[in-house]
Amino acid sequence: MEKNLVTQGLSGTLGGQLVFRQTSRGTVVGVSPQSPSGPPTAGQLAQRERFQQAVVYAKGQSQDPAVQAEYAEQAAAENISVYNVLLRDFLQAPNITDVDLSQYSGQAGEVIVVTANDDHAVQAVTVKIENGDGSLVEQGTAVQQTDPNRWHYRTTQPNTSLTGDKITVTATDNPGHTAVKTQILP
């Protein structure tokens, strides 16, 4: 409700039941949080530690004018602060949705297509090709395409025996978190 004279500008707790908060969207009313029963689990402690790391990251990065500029458009589009975009970016690792090996037959100059995304941006994608015995065939950095979620890796070495070869793709985001996807060739 717009311009509600009863709740406009309220903040705090009412009767231990309701919580009023002021946000960029106006007054928000919610249920009062309850205290947890019992000691925190190992998983809860790990999540708290991870969130504390995210807060430190977001506070530090939001002071950098270059980072402010990079994240400003996304923050404005979502009507949230750059700090909140940075916080979420830290908490969400990138995702590799597809590794297309259909153009790879073991020749130099062939393309492996990787589709990877992130809540903000994937910064780098690397590809590693190993023979079935674990020996390295090649590894290198993929090149981002016009579609920011598509990356091309052009092979540089001939690979005569593909059976059992392992292709490992790693996507990295701004905070340095990675996603790894491995495919074994038949």
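Just so you know, we're using our numbering here: the sequence shown kicks off at 1148 and counts up by one. Beta carbons: idealized from backbone N, C-alpha and C, even for Gly.
| Asked | Found |
| --- | --- |
| Span separating the alpha-carbon of Asn-1242 from that of Pro-1180 | 32 Å |
| According to DSSP, residues forming a beta bridge with His-1299 | Val-1260, Val-1290 |
| DSSP-derived helix/strand/coil call for Asp-1247 | strand |
| Segments of 3+ residues assigned as beta strand (DSSP E) that fall wholly inside the stretch 1156 to 1198 | 1159 to 1161, 1165 to 1170, 1173 to 1178 |
| For Gln-1208 and Thr-1319, the rounded distance between their alpha carbons | 17 Å |
| Alpha carbon of Val-1260 to alpha carbon of Thr-1329, nearest angstrom | 14 Å |
| Endpoints, the alpha helix (DSSP H) within which Asp-1320 is located | No alpha helix (DSSP H) holds Asp-1320; the beta strand (DSSP E) holding it covers 1313 to 1320. |
| Contact the stretch 1227 to 1247 vs the stretch 1281 to 1289: 3+ CB pairs below 8 Å | no |
| Proximity to Ser-1252 [Cα-Cα], best of Val-1232, Thr-1303, Asn-1296, Pro-1187 | Thr-1303 |
| Extent of the continuous beta strand (DSSP E) to which Gln-1330 belongs | 1325 to 1331 |
| DSSP state of Gln-1210 mapped onto helix, strand, coil | coil |
| Extent of the continuous alpha helix (DSSP H) run through Asn-1231 | 1229 to 1238 |
| Terminal residues of the beta strand (DSSP E) in which Leu-1271 lies | Here residue 1271 is Ala; the residue named in the question, Leu, does not match the sequence. Its beta strand (DSSP E) spans residues 1269 to 1277. |
| Spatial neighbours of Ser-1228 in its chain, beta-carbon cut-off 7 Å, leaving aside the 5 residues before and after | Ala-1222 |
| Exposed unless 16 or more other CB atoms sit within 10 angstroms - verdict on Pro-1186 | exposed |
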